[in-house]
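Written out as C-alpha cells, the structure is:
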C-alpha cells in the first residue's frame, strides 16, 4: 500500500493499528450505550415503570443527552422495558336525584390561558381487600395539576367538599373561575354549591350521561388506576390512602411529564408560565 510506504510501516502493522482503532470505537460506542441504558433505567424506574420512550426521551434531553426517541425505544426493547397501553375510562356517576343541576358553561373548553380559570372535579373508587376507598379530586385545567384531593371510606357529601376546600386554600383564586363537575348528588349538594357561590365561582355541570364533558379529570382517574392501583393489591384503605397521596403529590404533580404540556410536569409548566408572565410585566 502507498500509505504504508509513505509512513514507512509494514502492512501488518497498519492493519493492526486500524483494527485497534476500530476496537476502541466499538468500546466507546458500547460504553455510551451502557451509559444510556443506565439513564433510561433511571427514568423508567423513577416513574415506577410507567414511562415509554417519548417521556424518557424528554428526561434524557433535560439531563443533557442528545439521543433519538427511536434509539431509546430500541434500547428499551433490548432491556425488556415497556410502558402499559392507555385504557378507556368508564362512567360511575349516579345523577338520579332531585337536586338542582347547572348548565354546562365549560363546554369542553379544556385549554385555558392561565391558572385558576377552570377547575374540574370528579369522584372515583379504589378497591382494597378491606373494602372500597373513594377519591375526590380537583384539577386545574391550565396545568392539569391536582390542586385538591380527599380520600374516605364512604362517598358522603363531605368527600368532594374537603377536596374543594383544600384547593381553595392552596390556590386562593381571586379572578373569574369556572368549576365543572358531573351531575352527581355530592356536587349538587347545598353545602357544595354554597361554598362555590361564597367564593363567586361559576358552577358548570356535564350534560347527563356524557363523560366526555369532564374528560380531563376522568382521564386522570383512569391514569391513576392504570399506573398505580391496578399494579398493586392494597390490603387496607390506609395503605391505599398513603400510596395515592404519594402518587399525586410526589409523582403526578411534581414529576410526571404530560404530552399536552410539552412533556413538562404540572408544577414545571406553572413555573414556566410564571417566569414568562414576569418577563412580560417587566
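In our numbering, the protein residues as written are -19 to 262. Quick reminder that beta carbons are idealized off the backbone N, C-alpha and C, glycines included. What you are looking at is a predicted structure, and each value in this text was computed from that prediction instead of being measured.
Exercise for review: Alpha carbon to alpha carbon, how far is residue 156 from residue 269? Give it in angstroms, no decimals.
Suggested key: It is not possible to answer for residue 269, since the shown part of the chain is limited to -19 through 262.
**Study point:** Contact set for residue 246: own chain, Cβ-Cβ below 6 Å, skip 5 residues either direction
**Key:** 123, 124, 125, 233
Exercise for review: Compare the beta carbon distance of residue 36 and residue 24 with 8 Å and say whether it is the shorter of the two.
Suggested key: yes
Check your understanding: Given a threshold of 16 other Cβ atoms within 10 Å of its Cβ, counted over all protein chains shown, does residue 154 qualify as buried or as exposed?
Key -> exposed
Review point. From residue 161 to residue 12, what does the alpha carbon distance come to, in whole angstroms?
Key: 50 Å
Point to revise | residue 135 versus residue 16: straight-line alpha-carbon distance, rounded | key: 46 Å
**Study point:** Supposed contact pair residue 196 and residue 100 - C-beta distance, whole angstroms, cut 8 Å
**Key:** With a beta-carbon spacing of about 6 Å, residue 100 and residue 196 fall inside the 8 Å limit used to define contacts.
Check your understanding: Expressed to the nearest angstrom, what Euclidean distance is found between the alpha-carbon atoms of residue 207 and residue 198?
Key -> 14 Å
Exercise for review: Give the straight-line distance between the Cα atoms of residue 202 and residue 106, rounded to the nearest whole angstrom.
Suggested key: 11 Å
Exercise for review: Within 10 angstroms of the Cβ of residue 159, are there 16 or more other Cβ atoms? Answer buried if so, exposed if not.
Suggested key: buried
Review point. Who are the Cβ neighbours of residue 281 in its own chain at under 8 Å, not counting the five residues just before and after it?
Key: Outside the displayed span of the chain (-19 to 262) sits residue 281, for which this structure offers no information.
Point to revise | Three-way DSSP call (helix, strand, coil) for residue 31 in this model | key: coil
Review point. If you draw a straight line from the alpha carbon of residue 231 to that of residue 113, how long is it in whole angstroms?
Key: One C-alpha to the other measures close to 20 Å.
Review point. Mind pulling the alpha helix (DSSP H) runs of 4 or more residues that sit fully within the segment 99 to 181?
Key: 138 to 151, 165 to 168, 170 to 178
Review point. With respect to the alpha helix (DSSP H) encompassing residue 199, which residues constitute its N-terminal and C-terminal limits?
Key: 195 to 207
Check your understanding: What residues match up with residue 185 in a beta bridge as DSSP calls it?
Key -> Bridge partners of residue 185: 161.
Review point. Hey, out of 30, 194, 10, whose CA is closest to residue 210's CA?
Key: 30
**Study point:** the segment 44 to 60 touching the segment 80 to 99, judged by at least three CB pairs closer than 8 Å
**Key:** Taking 8 Å as the limit for Cβ pairs, the verdict is that the segment 80 to 99 does not touch the segment 44 to 60.
Review point. Once you ignore the five residues that flank residue 133 on each side, which residues in its own chain have a CB closer than 8 Å to its CB?
Key: 111, 112, 113, 114, 217
Review point. By Cβ distance below 6 Å, which residues in the same chain neighbour residue 147 in space, the five residues on each side in sequence not counted?
Key: 118, 127, 128
Review point. For residue 244, which three-state DSSP category applies?
Key: strand
Practice item. Compare the C-alpha of residue 81 against each of 185, 149, 38 and name the closest. Key: 185
Check your understanding: Taking the alpha helix (DSSP H) that residue 220 falls in, what are its first and last residues?
Key -> 217 to 226
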